[in-house]
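S.K.: As given, the protein sequences belong to chains P and Z, one line each in that order. Going by the UniProt record's numbering, the first sequence opens with residue 1, and the numbers climb by one from there. Going by the UniProt record's numbering, the second sequence opens with residue 1, and the numbers climb by one from there.
Number of protein chains: 2
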Amino acid sequence: MHSAIILLICAGAVFLVSGDPVSEGDGVHPRSPRVKRAPGDSERDCTATPPYIPPTAKDTTDLLRRLRQGMQSSAYFAGSIQAYIIPAGDAHLSEYISERDQRRAFISGLSGSSGTAVVTNDGSGGGKAAVWTDSRYFLQAEQQLDCNWILMRQYEEGVPTIVEWLVSELGPGGRVGIDPHLVSISTWQGYADPLEADGKVLIESSGGNLIDAIWDDRPPPSTAPLITQGLNYTGKSWEDKITDIREKMSEQNADALVLTKLDEVAWLVNLRGSDVPFNPVFFAYAIVTANTAVLYLDTNKVTDDVRSHLRLGCTTGVSCVQVEAYDTLLSAVEALAADSGIRKIWISSASTTYAVFSKVPESKQILDASPVMKMKSKKNAVEQQGLKNAHIRDAVAKCEYLMWLEDAVPRGSVTEISGADYLQQLRSRQRDYMGLSFAAISASGPNGAVVHYRPSEETNRPITTSDVYLIDSGGQYKDGTTDVTRTVHFGQPTDYQRETYTLVLMGAINEFLQVFKQGTFGIRLDQAARAPLFSYGLEYGHGTGHGLGSFLNVHEDPYFGGSAGVPVGEVGTFITIEPGYYEDGQFGIRLETLAMVKEADTKYNFNGRTYLTFEPVTLVPFQEKMIKFDMMNENQLTWLNDYHRKVRETIGPELQRQGKNDVYDWLMKNTQSFETSRISSGAKAASSVFLLAIAAMCSVFST
Amino acid sequence: MHSAIILLICAGAVFLVSGDPVSEGDGVHPRSPRVKRAPGDSERDCTATPPYIPPTAKDTTDLLRRLRQGMQSSAYFAGSIQAYIIPAGDAHLSEYISERDQRRAFISGLSGSSGTAVVTNDGSGGGKAAVWTDSRYFLQAEQQLDCNWILMRQYEEGVPTIVEWLVSELGPGGRVGIDPHLVSISTWQGYADPLEADGKVLIESSGGNLIDAIWDDRPPPSTAPLITQGLNYTGKSWEDKITDIREKMSEQNADALVLTKLDEVAWLVNLRGSDVPFNPVFFAYAIVTANTAVLYLDTNKVTDDVRSHLRLGCTTGVSCVQVEAYDTLLSAVEALAADSGIRKIWISSASTTYAVFSKVPESKQILDASPVMKMKSKKNAVEQQGLKNAHIRDAVAKCEYLMWLEDAVPRGSVTEISGADYLQQLRSRQRDYMGLSFAAISASGPNGAVVHYRPSEETNRPITTSDVYLIDSGGQYKDGTTDVTRTVHFGQPTDYQRETYTLVLMGAINEFLQVFKQGTFGIRLDQAARAPLFSYGLEYGHGTGHGLGSFLNVHEDPYFGGSAGVPVGEVGTFITIEPGYYEDGQFGIRLETLAMVKEADTKYNFNGRTYLTFEPVTLVPFQEKMIKFDMMNENQLTWLNDYHRKVRETIGPELQRQGKNDVYDWLMKNTQSFETSRISSGAKAASSVFLLAIAAMCSVFST
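1. Sorted by chain position, which residues of the same chain lie with C-beta nearer than 6 Å to aspartate 59 of chain P's C-beta, five sequence neighbours on each side aside?
2. Only counting runs of 4 or more residues, tell me where the alpha helix (DSSP H) segments fall wholly within the segment 43 to 100 of chain Z, in order along the chain.
3. Just the C-alpha distance for glutamate 599 of chain Z and tyrosine 501 of chain P, rounded to the nearest angstrom, thanks.
4. Would DSSP call methionine 668 of chain Z helix, strand or coil?
5. What residues are listed by DSSP as bridge partners for tryptophan 132 of chain Z?
6. Could you check if arginine 44 of chain P is buried or exposed, using at least 16 other CB atoms within 10 Å of its CB as the buried criterion?
7. My output table needs one value for proline 532 of chain P: the three-state DSSP class, helix, strand or coil.
8. Taking the straight line between their C-alpha atoms, what separation do you get for proline 653 of chain P and serine 186 of chain P?
9. Roughly how many angstroms lie between the CA atoms of serine 111 of chain P and methionine 632 of chain P, to the nearest whole one?
10. Compute the beta-carbon to beta-carbon distance between proline 493 of chain Z and methionine 403 of chain Z, rounded to the nearest angstrom, for a pair I have assumed lies under 8 Å.
11. With DSSP as the reference, please indicate the residues paired to phenylalanine 614 of chain P in a beta bridge.
12. For serine 222 of chain P versus aspartate 275 of chain P, is the C-beta distance shorter than 8 Å?
13. Of all the residues that make up the segment 418 to 440 of chain Z, which are near chain P by a beta-carbon distance shorter than 9 Å?
14. Suppose the cutoff is 8 Å on Cβ atoms and the five residues either side in sequence are ignored; what does the same chain contact list for alanine 78 of chain P look like?
15. Exposed or buried, which one is aspartate 232 of chain P when buried takes at least 16 other CB atoms within 10 Å?
16. Taking DSSP as the reference, what is the three-state secondary structure of threonine 415 of chain Z?
17. With a cut-off of 8 Å on the beta carbons, I'd call proline 54 of chain P and glutamine 143 of chain P a contact; round off their distance for me.
18. Would you call asparagine 148 of chain Z buried or exposed, if buried means 16 or more other Cβ atoms sit within 10 Å of its Cβ?
19. What residues in its chain sit with their C-beta under 7 Å from that of leucine 513 of chain Z, if we drop five residues either side in the sequence?
20. Anything in chain C within Cβ reach of aspartate 526 of chain P, meaning under 7 Å, just list it in chain order.
21. Please state whether DSSP places tryptophan 215 of chain Z in a helix, a strand or coil.
22. Quick one: grab the DSSP three-state call for phenylalanine 106 of chain Z.
23. For serine 442 of chain Z and chain P, any beta-carbon pair shorter than 8 Å?
24. Determine, using beta carbons only, whether valine 515 of chain P comes closer than 8 Å to chain Z.
25. DSSP three-state call for valine 318 of chain Z: helix, strand or coil?
26. Taking only beta-carbon atoms, is leucine 538 of chain Z less than 8 Å away from chain P?
27. Which of the three DSSP states is assigned to lysine 344 of chain Z in this structure?
28. So phenylalanine 606 of chain P contacts chain Z; which residues on that side make the cut at Cβ distance below 7 Å?
29. Given that asparagine 253 of chain Z touches chain P, what residues does it touch there, using C-beta distances under 7 Å?
30. Taking asparagine 633 of chain P as the query, report the chain Z residues whose CB atoms sit under 9 Å from its CB, ordered along the chain.
31. How is arginine 431 of chain P classed by DSSP in three states: helix, strand or coil?
32. Do the segment 294 to 305 of chain Z and the segment 318 to 330 of chain Z meet, that is, are 3 or more Cβ pairs less than 8 Å apart?
33. Quick check on valine 35 of chain P: buried or exposed, where buried means 16 or more other Cβ atoms within 10 Å of its Cβ?
34. To the nearest angstrom, how far is it from the Cα of residue 704 of chain Z to the Cα of glutamine 658 of chain Z?
35. Determine, using beta carbons only, whether phenylalanine 512 of chain P comes closer than 8 Å to chain Z.
36. What is the C-beta distance between tyrosine 604 of chain P and valine 515 of chain P, in whole angstroms, given that I count them as a contact (C-beta under 8 Å)?
Quick look at the structure:
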């Protein structure tokens, strides 16, 4: 069986989703960043005498000594363990991880989203330590790891997997420990099964997390207050949502449902928080049964406002919610498991940790996608309008930024970082702004080819008139989450840059032009966005787009490329369309436009059915100078003109309302019908034939 | 989880492949045939007094009595059973079933490819009998079933599944019998698990098949001789194929491989047979280990020719094949299971029967797609050329037929059946013809909307100048299998017929214009063929196409719509492209053109990669009068012209070589560049603008 991975980019974190070979090969893993290195700066060299360790590396000697002591102690595991696996995740398998949960970063020194550490213990206080990470983090790892650590370059030829390494390092009967709260069911099984086949055993800690025990200055838990989301934003009360969930549970014969994803809990009870960077969520679980609904969270966060919102204190009726302490979740699951009145407990197959899973006896398990996942992705009318409104205000900030750049860049005063900072300022002036939805990817020239790029002091480049500039950014607003990418050039783009930009744009337009059936999964719709690049022998190695939340996470189901779970083909689904092209060491192009699935206006309706299509929600102009109109067909040109007309008619009035007349003028100038340009360049080939014909015919006429 | 089904049509048998909701709803299941009924003919009515049973129904009273006696006896099952399931399949889970294996048809009277019978026994010689079939066979079932049988209209509202019915019919501890040789692993589990959950049990027969025991005039086993396929046809010796298979086995750490699919065995040893209608295969199994290869078949069929081809009698070397009796397969599998030197046995997850599966202990199982399936689908250079050659000769017959129809149809002398018969005659005159690859779908007017249609005496319609005519047919040739569909009109098609024909054609062309990556699965490429219809609010409810064999089965992997197993994206893969449109009760359109996957000629090659595209292999003209050129874009028109040029240049010389000058002239007339037509109709809108411009400019020039 094939098991390639697709890299999904565009928002702050880059993450990997399983996919098929459309993104196979090198393209799957983004290239290592080509950072500008300060003179004298260099990677570590543990084979040199003495070893060279960059000053940026963390000294982990004492931490590892203390960790191995813990591995030896019986306080954490029943009996000592010979290896300890430290995953990067949190107890909710979140994409964005709070600082307090960055245990792998703490123990190894390696920051970054991807990577798993393993520490062995030879029984006499010694042992090895290794960290696995993918090519995006190779250079960073060399700068951050001291020589206690082996850098395992994941997916490179000859590099063992974690299990292969454990098999070779540990003796017979070797015992490997892990915190079951930090891994999914499948990750656990991916370790446990082959270890068992090799006569070793994976053991869950019974006495808490070993890293937490040695983390002296671990950040305290967030005490950020909860925010209530009113009906004007959610369009549906939490009471109605719970009623709908109970209906789904009943269809599945589930007597209980355990929700562990932070955004699912937040969506369900119409609350928001800020416990995790960029995602307006709070640490919580929920358990729903036919007549109870219990939230497990830090009860100190339950303000009077929240109390009133949840109508806490009511004692009868199915719409009564109870609140319990966050860390009582596992015992609550155990109680359900022991309750003879509860026949089946629904847990999400993909997003439940092994800790929760292992408390539910197999006979009681319903392992399936959470019903919240699907409901949340299909936005109701209020959420649809909210997302559209948020994107109008967001477009104001984005247009303001692009106009400002046109003026500031030639003066040489803008860098990737200062540009992104200014954009953040502009966004923050918009109504209902709540923060960024991810750290902006502000990338000039070659940095744009690093798909996961985020500017740092070391990599920061000026934005110039001789480089392509890619800006992928988004905000959180009370009425919706935004995520948009545009690529621009403030000087003279090369023909190849224009050609590839146009192919990317054609891919995006092809996607918007699709008409499809209800229930269609993303995998059926993915090829259209890639087709123009493929036909030129070019491609991009990441996903074509992702769902996004209604003032929630910037990444959620569905995805282009997905073949199960949440389909794209549902009216009210929001999904980004973001093809790209990346020329290593040169430039990167990505055009990301949010789309909403709506009914298509078709000439016929076979057997009375309706068909679906995409409506653009992001309304920010494409840059005319980057487009080679003669490569596009009539349908694509028509869409492009219609799009810019919609941009003028929607963003224009908002700019006027906000009194931004300079931006209004800029917008009008940059959205005038592209038709003119097309005729002057695009239809050249065709029209020249006709001009010849005209000449010939005129000569006939005139004789 | 979603589990819709897609109907794959086009060749003799219609079959169902699992798919996703692109074909959900009514469209999945073809409409019931609207047959012309003879006066007085009527369906059965078991509620009438007395019941009305059509004369075409089979009297099954005595058969059911004898079957229930067998269910009571301990000769077949350890202890009596209360229900017996009679599947439609054979011991190789074949698509086409030999008459001898049509047990469900024998016991119930219901012929047709789809349907499962279940007979219950109340212990006193009575009980019920029910047969489940899909909507394609409802009418036929009413005509063929007597009143002993309940017709279960599968997938209709309120109709129980087999398991639901068994649960309601049988008491606690009920015992359900089945022949484990006739069901796949998943079918077995689909019965066994829910029955077990309900306190009942599925039992495999230990004393042979109960139907065979009461089938007095059961046809004898086929004694058709085996045919050897030389290297000039196969391009690869069986020795080399076995070497390659052993490499794949080694990669999977498999010590033995059990092959159960008839076409896989035939392909592996370069032999063909005729034990099954339309498929040039023979009943056999094969087991390959690191140093043995054993065929299990009727040893009487091993002629001197076969003996010499297989070099039987050699005693040393890995290229020595042994031949054993067909019915010793199961004991051979048991021996492998008991052999401590055999650690892992590879059996195909999809195509192995429960009988074989149950002999392999779980610890020894490798359940995965057969390696032959993938190898077979990627044709080598000799096979590629053979298939192309076969399609050239096949196109001669097809063009000859279309030309003949143009003359004969207006004279009113041709029917669906006589037409198909004549086409068969024409094919049979071509070199290396070995028979039909399926029973032709020759369908006039409303019969064309019945996707599985095959003309019978009852349904036979004349081919007229006022109807659309659809002909889907194919042949077996020593160098390749063919399968082609064209739709034509011998009078004046309606505007709607032309519009829908053009949408179907545009879908086919869109598919041919795709450029994609190596390893791409069919599901990613499926939408392109459907897109033009979708954009008009129209669709078809079957698969877009299927692989086909090199003088083997007309249906094999890969499929459009497939998301695992065999990818489409491999050079040398042959797959049909066959979108369609079906207007119930009116007409059907399908355009089926075989394609070969080849490297695309792209402007760039990202990271040195090559990209793939489709080359047309079927070379039969489309009918110009059915095409509305003004609906098509430039790329589609260019493809269409290139295609017809290729038809002229490839089929033309062959027609001349065969001395068929009249057909040559017909072909030239029907493949002249369509460009002319386009300009006269298609570019009307565009050119009228330019004509105005010309007029305006000329007036300027002339002043």
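Ideal Cβ placement from N, Cα and C applies to all residues, glycine included. Note that the structure is predicted; figures quoted are calculated from it, not measured.
M.R.: According to the data block:
1. Contacts found: Asp146.
2. 61 to 72
3. 25 Å
4. In this structure, methionine 668 of chain Z counts as helix in the three-state DSSP scheme.
5. Z:Thr116 and Z:Met152
6. Counting every other CB atom within 10 Å of its CB across the protein chains shown gives arginine 44 of chain P a total of 16 or more, marking it as buried.
7. helix
8. So the two alpha carbons sit approximately 51 Å from each other.
9. Serine 111 of chain P and methionine 632 of chain P have their alpha carbons spaced roughly 43 Å apart.
10. Going by Cβ atoms, the distance from proline 493 of chain Z to methionine 403 of chain Z rounds to 19 Å, so no, they are not a contact pair.
11. P:Val597
12. yes
13. The segment 418 to 440 of chain Z vs chain P, Cβ under 9 Å: nothing.
14. Ile203 and Ser206
15. In the sequence as presented, aspartate is not what sits at residue 232 of chain P; that position holds asparagine. Counting Cβ neighbours within 10 Å, asparagine 232 of chain P comes out exposed, since fewer than 16 surround it.
16. strand
17. Indeed they touch by this definition, with Cβ atoms about 5 Å apart.
18. buried
19. Asn635 and Trp639
20. Note that chain C does not occur in the displayed structure, where the protein chains are P and Z.
21. Three-state result, tryptophan 215 of chain Z: coil.
22. helix
23. no
24. yes
25. coil
26. yes
27. coil
28. Proximity of chain Z to phenylalanine 606 of chain P at the Cβ level (cut-off 7 Å) is accounted for by Gly537, Leu538 and Glu539, in chain order.
29. Neighbours of asparagine 253 of chain Z on chain P: none; closest Cβ ~12 Å, over 7 Å.
30. Asn633, Glu634 and Asn635
31. DSSP places arginine 431 of chain P in coil when its eight states are reduced to three.
32. yes
33. Low confidence applies here, because valine 35 of chain P scores a pLDDT of 36, under 50, leaving its location unreliable; read the following figure in that light. Valine 35 of chain P is buried by the Cβ-count criterion.
34. An answer regarding residue 704 of chain Z cannot be provided, because it is not within the stretch 1 to 703 covered by chain Z.
35. No, phenylalanine 512 of chain P does not count as interfacial toward chain Z.
36. Tyrosine 604 of chain P to valine 515 of chain P, Cβ: 12 Å. No contact.
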